[in-house]
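Colleague:
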Amino acid sequence: MDRRTILAIVLSFIVLVGYQILVTLYYSPVPTSESSAPPPVATAATETTGETPASSPPGPKPKGAVADVQVGKGDSGPVVKLAGGSPPSPTPGQTTTGAEEKVIPFRNHLVRGEISQTGGRIVELDFLQFLDKLGSEGQPFRFLDKSSGNRFFAESGFLGSAREETPNRETPWTWQGSGTLEGGGSLLLTWDNGQGLLFEKRYELTADSYMIRVTDRVSNRSGKSVDLYHFAQYSRVRPPAKEGGASSTDYEGPMAYLDDSRIQHPYEALVEKDESNMATSGWNAFSDHYFLAALIPEQTQSPRKYYFDYDAPAHRVGYLSDQITLETDKVHEATTQLFIGPKELRNLEAQGLFLERSIDYGWFHFLAVPLVKILLFFYDFFHNYGLAIILLTVAVKIVFFPLANKSYRSMNEMKKLQPKMEQLKKLYGDDKQRLNQEMMKLYQANNVNPLGGCFPILIQIPVFFALYQVLFLSVEMRHAPFILWIDDLSSMDPFYVLPLLMGVSMFIQTKMNPAPADPVQAKIMLFLPVVFTVMFFTFPSGLVLYWLVNNVLSILQQGLIMKRNP
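Position in the sequence shown (from 1) plus 311 gives the number in my numbering.
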């Protein structure tokens, strides 16, 4: 590996590692605690109507109005009113989990979870194909969680005016079934408000899908028209920061893909200011490094509001319909799809909803996606992601073989000229201008381009960036074993074998290239393999494996060229 190659790689790593540090500093979660939440100030009437009875008389809203929650910051607590944002929620001190809460277990081949009959929410969901940690102590990874410190749940329903009582998080829904909902199927929850409105909520699961379909239905038998709004949302206490290892360069937090645009609203920004976007199509979600919880409403021609806010101690993402005027003896229903699952590229693309845009491979996204698909192609044959990485590296090396050959030939020609270049430095070392002129004459006489090896290297740098992102962000790498002691390609090599081998291979490449004339530069070049080895100690072993294999192939290719052109 010549000096230009190493310089390009060093600069690439400076950008990559520097970007990781900036992302970690900017998006590092702040400690959250429910005990720090402001005291409850809302009543049941506040949650249902969005107004305190003393502050505003009941009455219908103007046509087209939408419900809004202005979330109080600091000690003021939530201030809820009807006018234009996100639906009301209980105050931070309000909770429905406890010994008396009835839950309905459900399970298919991919997930298991619980639906609370109090509020009709999905309060817990585990991924059966993914463990929280390797080994015999590993349990299915819990994503939706009803524990106070990690509370994360999904809910949907209708909001009404002060005249109509609508379901809230304290509502006791009725279920006529019993036991556990196994495999595919559906369950129906009902609640009658005693004022002529019958609310129904149907959850539908399929046996082999992370998608859950929720249909909210209301029947009006009150003898008068009513004004309602439909909403669906996730509420989540911000997860704690990860400790140790390299950080993710993918965005983690509230986000959306609306009207063909990817939108991000970081946790920190929402603490300061609520956000909303109007769109006719798309979804919004909480996105983590490897997992996604997305809301996908029915796609319509008219815009709807997608909101992102902070209601201490939880953040919320959701959507809200326009006002629905439901005449007497009429029925209205709204369906929401909940995708709660891993960010597996094939699975996300199969949904046909652009959920794959929850993965951001950065500047070279257009290169990363094909590389993921090639990696998965090799995995389909060998069922080992370590072997798939090796074969992907070989495939990339084959594609760039002609360019690499040109670079190595240029390096070899430069190496042949090294003695003559040293003579010129001795003759004209004190006259830089004359030295440069004589050097150019030497290059021209021998038909050598000193920059001939640079262009092939520059072409390969975007591919390296894309491969870095693919191996760093793909959930397929999580807990994926290779051989022997490497049981997780997404984490560092516990015994540092791969980084050390990579360092050795880099040292061999350095020795194969002509040494710089400057003794200081020569020492720096020999020291760089040590720097890279230490840097790679904490990198995912899958990425180190790629780099090691790439180095070995480069050594073989360069050695072959040097043998043919001594």
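The beta-carbon is built from N, C-alpha and C at its ideal position, and this holds for glycine as well.
Roughly how many whole angstroms lie between the Cα atoms of residue 759 and residue 731?
Modeller: If you number the sequence shown from 1, residue 759 lands on position 448. If you number the sequence shown from 1, residue 731 lands on position 420. One C-alpha to the other measures close to 13 angstroms.
Colleague: Per the DSSP calculation, residue 540 is bridged to which residue(s)?
Modeller: For the purposes of this step, residue 540 is identified with residue 229 of the sequence shown, where counting begins at 1. Paired residue(s): 470.
Colleague: What residue does the alpha helix (DSSP H) around residue 689 start on, and which one ends it?
Modeller: Reading the sequence shown from its first residue, position 378 is the one you call residue 689. Start and end: 676–693.
Colleague: Determine the closest residue to residue 277 out of 448, 753, 457, 444, with distance taken between C-alpha atoms.
Modeller: Given that the chain is displayed from residue 312 to residue 877, the structure contains no residue 277 and the question cannot be resolved.
Colleague: At 3 residues or longer, and completely inside the stretch 429–461: list those beta strand (DSSP E) runs for me, N to C.
Modeller: With a minimum length of 3 residues, the continuous beta strand (DSSP E) runs that stay inside the stretch 429–461 are 433–442, 451–455.
Colleague: Flag this pair as yes or no: are the beta carbons of residue 776 and residue 675 separated by less than 7 angstroms?
Modeller: If you number the sequence shown from 1, residue 776 lands on position 465. If you number the sequence shown from 1, residue 675 lands on position 364. In this structure, residue 675 lies closer than 7 angstroms to residue 776 by Cβ.
Colleague: What first and last residue would you give for the alpha helix (DSSP H) that runs through residue 583?
Modeller: What you label residue 583 is simply residue 272 of the sequence shown in a count that begins at 1. Residues 578–583.
Colleague: Where does the unbroken alpha helix (DSSP H) through residue 733 begin, and where does it stop?
Modeller: Here the question's residue 733 lines up with position 422 in the sequence shown. First-last of the alpha helix (DSSP H) with residue 733: 729–739.
Colleague: Quick one: Cα of residue 482 to Cα of residue 431, how far?
Modeller: Counted from its first residue, the sequence shown places residue 482 at position 171. Counted from its first residue, the sequence shown places residue 431 at position 120. Between residue 482 and residue 431, the C-alpha separation is close to 8 angstroms.
Colleague: Could you tell me the distance, in whole angstroms, from the CA atom of residue 805 to the CA atom of residue 792?
Modeller: Counting from one through the sequence shown, the residue named residue 805 turns up at place 494. Counting from one through the sequence shown, the residue named residue 792 turns up at place 481. C-alpha separation (whole angstroms): 13 angstroms.
Colleague: In three-state terms, what does DSSP make of residue 785?
Modeller: Working through the sequence shown from its first residue, we reach residue 785 at position 474. Note: residue 785 maps to coil in three-state DSSP.
Colleague: Give the straight-line distance between the Cα atoms of residue 871 and residue 865, rounded to the nearest whole angstrom.
Modeller: Residue numbering aside, residue 871 sits at position 560 when the sequence shown is read from its first letter. Residue numbering aside, residue 865 sits at position 554 when the sequence shown is read from its first letter. Rounded to whole angstroms, residue 871 to residue 865 spans 10 angstroms at the Cα level.
Colleague: Ordered along the chain, which non-local residues of its own chain (more than five positions away) have a Cβ less than 7 angstroms from that of residue 678?
Modeller: Taking the sequence shown and counting its residues from 1, one reaches residue 678 at position 367. Hits under 7 angstroms: 773, 774, 777.
Colleague: Mind the definition here: the stretch 779–786 touches the stretch 847–863 only if three or more C-beta pairs lie below 8 angstroms; say whether that holds.
Modeller: Contact between the stretch 779–786 and the stretch 847–863 is present, because at least three Cβ pairs lie under 8 angstroms.
Colleague: Can you give me the start and stop residues for the alpha helix (DSSP H) that residue 875 sits inside?
Modeller: Against the sequence shown, residue 875 aligns to sequence position 564. Start and end: 852–875.
Colleague: Expressed to the nearest angstrom, what Euclidean distance is found between the alpha-carbon atoms of residue 468 and residue 609?
Modeller: Locating residue 468 in the sequence shown gives position 157, where the first residue counts as 1. Locating residue 609 in the sequence shown gives position 298, where the first residue counts as 1. For residue 468 and residue 609, the distance between alpha carbons rounds to 14 angstroms.
Colleague: Indicate whether residue 551 and residue 510 have their beta-carbon atoms separated by less than 7 angstroms.
Modeller: Taking the sequence shown and counting its residues from 1, the one referred to as residue 551 is at position 240. Taking the sequence shown and counting its residues from 1, the one referred to as residue 510 is at position 199. For residue 551 and residue 510, no; Cβs fall outside 7 angstroms.
Colleague: So, using beta-carbon positions, are residue 643 and residue 518 closer together than 7 angstroms?
Modeller: Looking up residue 643 in the sequence shown gives position 332. Looking up residue 518 in the sequence shown gives position 207. Result no, Cβ atoms of residue 643 and residue 518 do not sit closer than 7 angstroms.
Colleague: May I ask you to list the residues that DSSP assigns as paired with residue 547?
Modeller: Locating residue 547 in the sequence shown gives position 236, counting from the first residue. Residue 547 is bridged to 463, 626.
Colleague: What are the residues that DSSP puts in a beta bridge with residue 618?
Modeller: Within the sequence shown, the letter at position 307 stands for residue 618. Note: residue 618 sits in a beta bridge opposite 587, 629.
Colleague: So, residue 416 versus residue 437, is the Cβ gap smaller than 7 angstroms?
Modeller: Here residue 416 is taken as the residue at index 105 of the sequence shown, counted from 1. Here residue 437 is taken as the residue at index 126 of the sequence shown, counted from 1. No, the Cβ-Cβ distance between residue 416 and residue 437 is not below 7 angstroms.
Colleague: What's the gap between the Cα of residue 599 and the Cα of residue 734?
Modeller: Translated into positions along the sequence shown, residue 599 becomes position 288. Translated into positions along the sequence shown, residue 734 becomes position 423. In a straight line, the C-alpha of residue 599 is about 59 angstroms away from that of residue 734.
Colleague: Taking C-alpha atoms, which residue in 528, 869, 858 lies nearest to residue 703?
Modeller: Numbered from its first residue, the sequence shown carries residue 703 at position 392. Of the listed residues, the one whose Cα sits closest to residue 703 is 858.
Colleague: Given that a residue counts as buried once 16 or more other Cβ atoms are within 10 Å of its Cβ, and exposed if not, what is residue 634?
Modeller: Taking the sequence shown and counting its residues from 1, one reaches residue 634 at position 323. The residue is buried, with at least 16 neighbouring Cβ atoms inside 10 Å.
Colleague: Going by other Cβ atoms of all chains shown within 10 Å of its Cβ, with 16 needed for buried, is residue 912 buried or exposed?
Modeller: Outside the displayed span of the chain (312 to 877) sits residue 912, for which this structure offers no information.
Colleague: For residue 794, count neighbouring C-beta atoms within 10 Å of its own C-beta (all shown protein chains included) and say buried if the count is 16 or more, exposed if not.
Modeller: Residue mapping note: residue 794 aligns to position 483 of the sequence shown, counting from 1. Exposed: under 16 other Cβ atoms inside 10 Å.
Colleague: Rounded C-beta distance between residue 525 and residue 462? I'm assuming under 8 angstroms.
Modeller: Working through the sequence shown from its first residue, we reach residue 525 at position 214. Working through the sequence shown from its first residue, we reach residue 462 at position 151. With a Cβ gap of about 19 angstroms, residue 525 and residue 462 do not count as contacting.
Colleague: Quick check on DSSP: helix, strand or coil for residue 794?
Modeller: Translated into positions along the sequence shown, residue 794 becomes position 483. In this structure, residue 794 counts as coil in the three-state DSSP scheme.
Colleague: In the DSSP assignment, find the alpha helix (DSSP H) that holds residue 817 and state where it starts and stops.
Modeller: Counted from its first residue, the sequence shown places residue 817 at position 506. Note, residue 817: alpha helix (DSSP H), 808–823.
Colleague: When the Cα of residue 443 is compared with those of 789, 843, 818, which residue comes out closest?
Modeller: For the purposes of this step, residue 443 is identified with residue 132 of the sequence shown, where counting begins at 1. That would be 789, whose Cα lies nearest to the Cα of residue 443.
Colleague: Less than 7 angstroms separating the beta-carbons of residue 544 and residue 629?
Modeller: Start at 1 with the first residue of the sequence shown, and residue 544 comes out as number 233. Start at 1 with the first residue of the sequence shown, and residue 629 comes out as number 318. Cβ distance < 7 angstroms, so residue 544 and residue 629 count as in contact.
Colleague: State the CB to CB distance for the pair residue 603 and residue 534, rounded to an integer number of angstroms; the pair is presumed to be in contact (CB under 8 angstroms).
Modeller: Counted from its first residue, the sequence shown places residue 603 at position 292. Counted from its first residue, the sequence shown places residue 534 at position 223. That pair is no contact at about 44 angstroms.
Colleague: Just confirm the distance between the C-beta atoms of residue 568 and residue 593, as a whole number of angstroms; I'd bet it's less than 8 angstroms.
Modeller: In the sequence shown, residue 568 corresponds to position 257, counting from 1. In the sequence shown, residue 593 corresponds to position 282, counting from 1. The Cβ separation is near 5 angstroms, so the contact holds.
Colleague: According to DSSP, is residue 476 part of a helix, a strand, or is it coil?
Modeller: In the sequence shown, counting from the first residue as 1, residue 476 sits at position 165. Of the three classes helix, strand and coil, the one that applies to residue 476 here is coil, per DSSP.
Colleague: Are the stretch 677–691 and the stretch 496–509 touching, with three or more C-beta to C-beta distances below 8 angstroms?
Modeller: With a cut-off of 8 angstroms, the stretch 496–509 and the stretch 677–691 do not count as touching, because too few Cβ pairs lie within range.
Colleague: Out of curiosity, what's the CA-to-CA distance linking residue 814 and residue 808?
Modeller: By one-based count along the sequence shown, residue 814 stands at place 503. By one-based count along the sequence shown, residue 808 stands at place 497. Computed Cα separation, rounded: 10 angstroms.
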